[in-house]
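Residue numbers (the numbering used here), protein chains in the order written: chain U, 1 to 514; chain W, 1 to 169.
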Ligand code: SF4
């Protein structure tokens with residue numbers, strides 16, 4: 001029985017919208033909202049993939065709340081939608097029932113000023129209490145940038161560990177290495193970490209607001225700068241959403257080329273992290289070796305596309321240019337084998353990463369962990385399984401079960417090889433043909449673009465108005481789902497192993513903070 | 001045993017050296033001159049402390065690349081350090097998110113002596129694509145006196161090295 005029919009047994013949606021392929025929007029009564037979400041959560045076997053609000057007060061005098069679940073079995077996205085009349089903006093918190101809704105709810109509250117009834121956590125995520133006043137909600141349509149900020153009075157409340165011999169250890173936002181900013185608040189008893197709270201938002205740039213009113217071309221350019229190391233996947237997800245709205249099907253050659261670039265992005269990031277893991281246990285030779293491989297991949301990117309970070313390739317309807325040269329990966333693969341030997345022949349290296357930073361499958365599932373980190377803990381989810389050209393290539397996700405740093409390293413080593421195989425295969429499949437389809441006149445509408453970037457699913461929900469400019473753009477980088485997992489994986493580990501755990505996840509600060 | 005293997009290998013194959021010299025012929029020349037400047041004025045080393053004030057991460061990736069074995073900026077006496085107390089200069093990336101203002105200022109204050117400030121990337125130079133946001137402050141020069149701008153989105157390692165060397169010279 002389909003999910004739709006199953007769902008009908010518990011709730012009667014007020015309206016159903018199936019305008020776009022693989023997406024269903026079910027508008028429900030307020031009383032049905034939580035039951036509908038719970039039913040979808042179970043039927044789809046999916047965490048809350050995204051949850052976001054729209055300010056529709058101008059046309060419908062309400063805020064609209066959308067909660068998305070993905071069913072891999074049906075390859076279909078289901079949204080539970082709820083209209084909140086203006087003036088009485090509040091909704092019952094879902095977070096108590098489904099943990100993966102927590103961060104989304106906190107985000108909606110701070111950005112729209114919509115109250116959550118019964119929410120376990122009200123703290124702001126990105127608009128830090130120390131710098132941003134209360135009562136200013138950037139994603140409301142009538143928000144005006146503040147000329148002068150009132151001196152804010154707020155203070156973020158960290159969860160405090162209490163007890164004899166327990167210390168608080170604040171680290172960040174500025175760290176020792178050349179990396180992004182985040183704050184890690186440890187409670188330690190001697191060396192072992194009792195609790196870790198991660199506070200982010202330091203790279204918040206207000207991207208979702210900046211998107212509003214932009215043309216598609218300008219929006220695409222911005223999307224490539226949300227998370228620099230995932231530029232291609234972000235741009236691609238943006239394009240997929242825009243193409244779905246316009247009813248465009250990119251030509252086969254463009255579909256294959258996009259997949260080639262997506263895998264190249266995965267490869268240079270995986271090798272970067274393999275080196276980073278080595279560096280964080282002080283194995284500098286291996287890490288230098290990996291950094292050379294990364295540089296060679298970045299140069300290959302530049303030769304092929306003119307950009308080291310694969311920016312400017314995606315356009316709405318296809319790709320801007322063809323491969324500008326041959327894709328030679330064999331020398332890289334033999335160097336990777338060499339690197340793997342170097343790493344695995346070092347007992348002290350393996351000793352540090354084996355069974356360090358374990359994220360259990362149950363924990364991963366409860367938290368709604370996605371992508372690479374989930375696959376290392378036994379969650380066999382990968383959006384590529386359901387998308388072309390991967391599904392006809394018989395793509396199978398690579399999964400480990402031990403959930404430790406070693407598992408996350410192994411996934412990267414294997415995915416690196418898998419990517420290069422896929423690239424070879426896609427290039428052999430290339431037939432001469434068009435690179436883009438011409439875009440028709442602007443069409444209004446809303447739709448989701450989803451693709452598996454190297455960290456996990458990158459999601460863009462896009463809404464366009466009649467002029468074809470952006471009305472609302474909700475962005476979810478997999479890091480947003482996964483940061484919490486790091487806090488669990490680090491529990492019980494000793495402080496010197498924290499950088500290692502952190503690197504083994506390598507989550508994005510900027511992708512999370514938007 | 002392992003050591004014997006390594007010694008045997010290096011005797012048989014020679015020390016592995018990467019062909020970096022062809023990659024940056026101009027930088028090579030600049031680097032030699034720079035080494036002298038650094039030796040004379042900075043007692044042999046010019047140390048940088050990097051701070052991301054809201055960057056997308058690509059600028060950091062390129063800064064990081066300057067010290068990989070193919071560019072090896074360190075051989076000219078330029079290096080990145082963990083503590084601002086050890087640094088001669090602050091290297092800032094990103095469009096200054098409001099949340100990073102305090103941390104940036106504190107890091108700057110922790111630098112000893114004459115403090116150089118280097119803004120890397122379009123975001124740090126003038127706010128880049130984020131300059132109209134409610135939450136960014138624009139380029140680093142809105143907050144600190146900047147001595148060197150290195151534009152680009154992101155600037156390549158070659159650009160970073162060349163501009164830096166040219167400036168110090
Ligand atoms: S200049 Fe470009 S690459 Fe650098 S932080 Fe800004 S958007 Fe990212």
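By construction, the Cβ of each residue, glycine as well, lies at the ideal position given by its N, Cα and C atoms.
- Contact annotation: residue 316 of chain U and residue 237 of chain U have beta-carbon atoms that are not nearer than 8 Å.
- Residues of chain U whose Cβ lies closer than 9 Å to the Cβ of residue 107 of chain W are, in chain order, 174.
- Within the same chain, 377 and 403 come within 7 Å of residue 360 of chain U by CB-CB distance, once the 5 residues on both sides are set aside.
- Residue 50 of chain W: not part of any alpha helix (DSSP H); member of the beta strand (DSSP E) spanning 46–52, first to last residue.
- Pairing residue 209 of chain U with residue 133 of chain W gives a Cβ-Cβ distance under 8 Å.
- Between residue 97 of chain W and residue 65 of chain W a beta carbon distance of about 24 Å is seen, past the 8 Å cut, so the two are scored as non-contacting.
- Residue 289 of chain U sits buried, since 16 or more C-beta atoms from the chains shown fall within 10 Å of its C-beta.
- Neighbours of residue 63 of chain W across chain U, judged by C-beta separation under 8 Å: 178.
- The residue among U:436, U:334 and U:389 with its C-alpha nearest the C-alpha of residue 322 of chain U is U:436.
- DSSP places residue 9 of chain U in the helix class (H, G or I) of the three-state scheme.
- Secondary-structure assignment with DSSP links residue 195 of chain U through a beta bridge to U:187.
- Inside the segment 66–129 of chain U, DSSP marks whole alpha helix (DSSP H) runs of 4 or more residues at positions 102–112, from first to last along the chain.
- Distances taken from the Cβ of residue 181 of chain U to the heavy atoms of the ligand SF4 include none shorter than 7 Å.
- The beta carbon of residue 117 of chain U lies closer than 8 Å to those of 90, 91, 92 and 93 in the same chain, with the five residues before and after it left out.
- Nearest C-alpha to residue 351 of chain U among U:369, U:392, U:306 and U:278: U:278.
- Taking 7 Å as the cut-off, the C-beta of residue 132 of chain W does not count as close to any heavy atom of the ligand SF4.
- The set of residues with a C-beta under 6 Å from any non-hydrogen atom of the ligand SF4 comprises U:225, U:228, W:55, W:56, W:58, W:59, W:93, W:94, W:121, W:122, W:123, W:128, W:153 and W:154, given in chain order.
- Interface with chain U (8 Å Cβ-Cβ cutoff): residue 132 of chain W is included.
- Under DSSP, residue 461 of chain U shares a beta bridge with U:448 and U:474.
- Interface flag for residue 59 of chain U against chain W is unset, since no Cβ pair is found closer than 8 Å.
- Here residue 411 of chain U has 372, 375, 376, 398 and 400 as same chain residues with Cβ atoms under 7 Å from its own Cβ, once five neighbours each way along the sequence are excluded.
- Of the other Cβ atoms in all chains shown, fewer than 16 fall within 10 Å of the Cβ of residue 167 of chain U; this residue is therefore exposed.
- The C-alpha of residue 304 of chain U is placed about 34 Å away from the C-alpha of residue 168 of chain W.
- Residues 72, 370, 371, 374, 375 and 397 of the same chain have their beta carbon placed closer than 8 Å to that of residue 381 of chain U, with the five preceding and five following residues left out of the count.
- The alpha-carbon separation between residue 138 of chain W and residue 223 of chain U amounts to approximately 19 Å.
- What residue 98 of chain W touches in chain U, judged by beta-carbon distance under 9 Å, is 127, 128, 131, 132, 149 and 204, going in chain order.
- Counting only runs of 4+ residues, the alpha helix (DSSP H) found wholly inside the segment 185–263 of chain U occupies 207–211, 216–223 and 231–246, in chain order.
- The beta carbon of residue 505 of chain U is closer than 6 Å to those of 373 and 486 in its chain, skipping five residues each way along the sequence.
- Taking C-alpha positions only, residue 41 of chain W is separated from residue 429 of chain U by approximately 59 Å.
- In this structure, the beta-carbon distance from residue 392 of chain U to residue 333 of chain U does not fall below 8 Å.
- No Cβ of chain W is located within less than 8 Å of the beta carbon of residue 447 of chain U.
- A contact between stretches requires three or more CB pairs, one per stretch, nearer than 8 Å, and the segment 252–270 of chain U fails this requirement with the segment 461–479 of chain U.
- Identification of residues in the segment 195–228 of chain U having a C-beta nearer than 8 Å to some C-beta of chain W yields 201, 202, 203, 204, 205, 206, 207, 209, 210, 221, 222, 225, 226, 227 and 228, given in sequence order.
- For residue 83 of chain U, the CB contacts under 6 Å within the same chain, skipping 5 residues up- and downstream, are 62 and 64 in chain order.
- At a cut-off of 4 residues, the continuous stretches assigned as alpha helix (DSSP H) that sit fully inside the segment 54–138 of chain W are 58–65, 101–110 and 122–126.
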